[in-house]
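Heads up: the structure comes next, in structure tokens.
There are 2 protein chains.
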Amino acid sequence: MLKPADPHQNHILAALPAEARERLYPHLELVPMPLGDVLYESGNRLRHVYFPSTCIVSLLYVMEDGASAEIAVVGNEGIIGIALFMGGETTPSRALVQSAGHAFRLKGQLLKDEFNRSGELQHLLLRYTQALITQMAQTAVCNRHHSVDQQLCRWLLLSLDRLSSDRLTMTQELIANMLGVRREGVTEAAGKLQSAGLIHYSRGRITVLDRPRLEARACECYAVVKKEFDRLLPHLVDGRKRA
Amino acid sequence: MLKPADPHQNHILAALPAEARERLYPHLELVPMPLGDVLYESGNRLRHVYFPSTCIVSLLYVMEDGASAEIAVVGNEGIIGIALFMGGETTPSRALVQSAGHAFRLKGQLLKDEFNRSGELQHLLLRYTQALITQMAQTAVCNRHHSVDQQLCRWLLLSLDRLSSDRLTMTQELIANMLGVRREGVTEAAGKLQSAGLIHYSRGRITVLDRPRLEARACECYAVVKKEFDRLLPHLVDGRKRA
DNA sequence: CTGCTTCTGTTCGCCACCGAACATTCGCGT
DNA sequence: ACGCGAATGTTCGGTGGCGAACAGAAGCAG
Chain P
0 MLKPADPHQN
10 HILAALPAEA
20 RERLYPHLEL
30 VPMPLGDVLY
40 ESGNRLRHVY
50 FPSTCIVSLL
60 YVMEDGASAE
70 IAVVGNEGII
80 GIALFMGGET
90 TPSRALVQSA
100 GHAFRLKGQL
110 LKDEFNRSGE
120 LQHLLLRYTQ
130 ALITQMAQTA
140 VCNRHHSVDQ
150 QLCRWLLLSL
160 DRLSSDRLTM
170 TQELIANMLG
180 VRREGVTEAA
190 GKLQSAGLIH
200 YSRGRITVLD
210 RPRLEARACE
220 CYAVVKKEFD
230 RLLPHLVDGR
240 KRA
Chain R
0 MLKPADPHQN
10 HILAALPAEA
20 RERLYPHLEL
30 VPMPLGDVLY
40 ESGNRLRHVY
50 FPSTCIVSLL
60 YVMEDGASAE
70 IAVVGNEGII
80 GIALFMGGET
90 TPSRALVQSA
100 GHAFRLKGQL
110 LKDEFNRSGE
120 LQHLLLRYTQ
130 ALITQMAQTA
140 VCNRHHSVDQ
150 QLCRWLLLSL
160 DRLSSDRLTM
170 TQELIANMLG
180 VRREGVTEAA
190 GKLQSAGLIH
200 YSRGRITVLD
210 RPRLEARACE
220 CYAVVKKEFD
230 RLLPHLVDGR
240 KRA
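Protein chains in written order, with numbering that gives the first Met the number 0: chain P, 0 to 242; chain R, 0 to 242.
If you want it as structure tokens, here you go:
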């Protein structure tokens with residue numbers, strides 16, 4: 000069902016008006032995104048932006064002592080490299096492929112040029128950025144107030160939404176890095192979810208069996224973020240039809 | 000020394016080129032910002048944006064159960080109401096005056112019009128927004144990994160930087176709300192700082208006595224955010240001179 | 001099939017922070 | 001100058017997550 004090679008797989012690309020599409024599509028390169036690939040490192044200048052089609056990318060901060068925490072997750076609803084059009088050129092975060100797949104790559108300068116035309120792409124990108132801000136802010140709150148159990152549910156749901164699937168390929172170790180907790184904590188939380196029959200997992204393969212109950216178990220943070228994405232990017236939901 | 004009525008007190012306003020200034024300054028209203036004032040509530044449509052001159056405003060998320068956490072702090076380096084030009088019109092957060100003072104208020108539409116001219120103001124606002132994103136992301140990481148002691152230091156420093164002063168008017172109860180921790184936790188952390196001779200406080204009045212040691216005690220989060228603000232908004236540091 | 005690596009499960013002591021309850025002290029208003 | 005409310009100080013048991021160490025189990029390579 001997934002057609003990674005179709006730019007419309009990415010909601011932002013799909014929502015572009017015809018002229019913008021004609022300008023940009025010829026420059027899009029479909030690139031494979033292997034698990035663990037680092038798209039950019041903290042402070043590095045960005046050469047390209049990426050529009051995920053079938054992959055998921057995590058934005059995470061890595062601290063001096065090596066501890067890390069995910070601050071947002073980007074899938075086919077978004078773009079990697081907002082610092083380019085925001086004007087900063089770099090950010091202090093790392094972008095890491097969290098779920099393998101494909102993405103469309105575009106030279107940074109081309110994106111900036113199109114952004115500066117102040118057309119639909121600019122509006123799309125700014126609204127997307129606002130949604131991303133919401134996700135980061137909610138992550139901050141969630142880190143402060145919620146248990147690992149709740150955060151795991153939130154994280155699974157956010158990731159699944161970006162894959163249009165009920166399965167993830169992801170070890171508990173990696174999830175722990177994303178959440179910024181110990182691997183054992185994830186094992187325990189995931190164990191509870193499995194015995195409750197909400198998910199099934201085995202050696203890096205996670206399947207969601209009962210999504211409604213998973214949502215019920217997540218903290219409000221998931222719903223807040225989802226609602227805000229839907230509000231800010233409504234036409235992207237069925238962007239293909241607008242094409 | 001502080002001249003709240005001078006728009007140049009705000010770094011963004013100060014950095015505007017002459018033409019933009021001529022368009023906007025006549026519409027600026029100096030308004031008092033009393034402690035505890037709520038500039039906007041989660042989900043409310045914004046009518047105005049605010050350019051703080053001598054006040055500090057906290058952006059915070061309030062959860063269903065009443066728990067809260069600050070996600071960013073805005074002073075005279077910034078603006079309240081980025082959702083207006085980002086296109087979302089609202090955000091799920093609350094803006095609360097954390098330190099009384101004054102700000103310049105501008106009708107939302109006027110700001111949007113000026114933003115859409117794609118001139119210097121647009122660049123300034125986007126870069127400021129990126130700096131704000133950094134602050135939120137760092138808050139998320141800090142909430143995950145650092146102790147209340149460290150976070151208190153970070154918070155004091157961020158606040159002081161926005162007041163150009165070594166004194167704050169702020170009870171421990173309010174600080175606790177901002178940090179999303181218990182008041183007792185703040186009492187304890189502040190007590191340590193006081194016995195170490197780094198600060199002095201008494202009934203809502205906090206004075207920093209030894210800033211270098213306070214910085215040494217803060218987590219890296221403070222430095223990361225400060226560095227990023229300086230990098231993204233360098234000309235704002237002495238915006239007055241550019242006028 | 002064998003052995004090795006990777007992933008997952010489990011345990012233990014430890015500590016920061018929580019929630020609640022209560023004591024104290026300061027300073028403002030009248 | 002007195003009294004009340006707000007701000008700060010202190011204590012206690014409880015607990016969620018940490019750090020470390022190790023044991024089983026599932027898949028892959030040869």
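Quick reminder that beta carbons are idealized off the backbone N, C-alpha and C, glycines included.
Residue i vs residue j beta-carbon contact at 8 Å
| i | j | result |
| --- | --- | --- |
| R/Phe103 | R/Pro31 | no |
| R/Cys220 | R/Arg153 | yes |
| P/Leu83 | P/Lys111 | yes |
| R/Arg210 | R/Gly74 | no |
| R/Gln193 | R/Arg182 | no |
| R/Val56 | R/Gln97 | yes |
| P/Glu40 | P/Arg93 | yes |
| P/Ala71 | P/Glu227 | no |
| P/Arg202 | P/Glu113 | no |
Residue-level contact to chain P via CB, residue i, 8 Å cutoff
| i | result |
| --- | --- |
| R/Arg126 | yes |
| R/Ala242 | Unreliable positioning characterises R/Ala242 in this predicted model, as indicated by a pLDDT of 36, which lies under 50. The coordinate reading is nonetheless provided below. So, not an interface residue. |
| R/Arg204 | no |
| R/Leu231 | yes |
| R/Met177 | no |
| R/Arg239 | Note that R/Arg239 has pLDDT 42, beneath the 50 cutoff, so the model's placement of it is unreliable and no number is given. |
Cutoff 8 Å: residue i Cβ touching any chain R Cβ
| i | result |
| --- | --- |
| P/Asn115 | yes |
| P/Leu156 | no |
| P/Val236 | Unreliable placement is indicated for P/Val236, whose pLDDT of 47 sits below 50; the coordinate value is still reported in the next sentence. No, because no Cβ of chain R sits closer than 8 Å to the Cβ of P/Val236. |
| P/His7 | no |
| P/His122 | yes |
| P/Phe228 | no |
| P/Pro3 | no |
Heavy atom of the ligand ZN within 7 Å of residue i beta-carbon
| i | result |
| --- | --- |
| P/Gln193 | With respect to the ligand ZN, the structure offers nothing, as it holds no ligand at all. |
Cross-strand partners of residue i (DSSP beta bridge)
| i | result |
| --- | --- |
| R/Ser98 | R/Ile55 |
| R/Leu105 | R/Val48 |
| P/Leu29 | P/Phe103 |
| R/Val61 | R/Ser67 |
| P/Thr206 | P/Arg166, P/His199 |
| R/Arg93 | R/Leu59 |
| R/Val73 | R/Val56 |
| R/Ile79 | R/Tyr49 |
First through last residue of the beta strand (DSSP E) which encompasses residue i
| i | result |
| --- | --- |
| P/Ser163 | Looking at the DSSP string, P/Ser163 is not in any beta strand (DSSP E), and its letter there is neither H nor E. |
| R/Val37 | 37–39 |
Extent of the continuous alpha helix (DSSP H) to which residue i belongs
| i | result |
| --- | --- |
| R/Leu23 | 17–23 |
| P/Ile132 | 119–144 |
| P/Gln193 | 182–194 |
| P/Asp5 | Segment: none, P/Asp5 is in no alpha helix (DSSP H) and carries neither H nor E. |
| R/Ala14 | Counting along the chain, R/Ala14 falls outside any alpha helix (DSSP H), and DSSP gives it neither H nor E. |
| R/Asn176 | 171–178 |
| P/Leu231 | 219–231 |
Task: Interface residues of the region 55–83 of chain P facing chain R [CB-CB below 7 Å] - done: Identification of residues in the region 55–83 of chain P having a C-beta nearer than 7 Å to some C-beta of chain R yields Tyr60, Met62, Glu63, Ala66, Ala68, Ile70, Ala82, given in sequence order.
Open item on the list: By the 8 Å beta-carbon criterion, what residues does the region 10–37 of chain P contribute toward chain R?
Closed with: Listed by position, the residues of the region 10–37 of chain P near chain R (Cβ gap below 8 Å) amount to none.
- [ ] Determine which residues of the region 79–112 of chain R have a Cβ less than 9 Å from any Cβ of chain P, and write them out in chain order.
- [x] The residues in question are Ile81, Ala82, Phe84, Met85, Gly86, Gly87, Thr89, Thr90, Pro91, Ser92.
Task: Contact list for the region 129–143 of chain P against chain R, Cβ threshold 9 Å - done: So the close ones are Gln129, Ala130, Leu131, Ile132, Thr133, Met135, Ala136, Gln137, Thr138, Ala139, Val140, Cys141, Asn142, Arg143.
TODO: Give, in chain order, every residue of the region 208–226 of chain R whose Cβ lies closer than 7 Å to some Cβ of chain P.
DONE: For the region 208–226 of chain R, the beta-carbon criterion of a distance under 7 Å to any beta-carbon of chain P is satisfied by Glu219, Val223.
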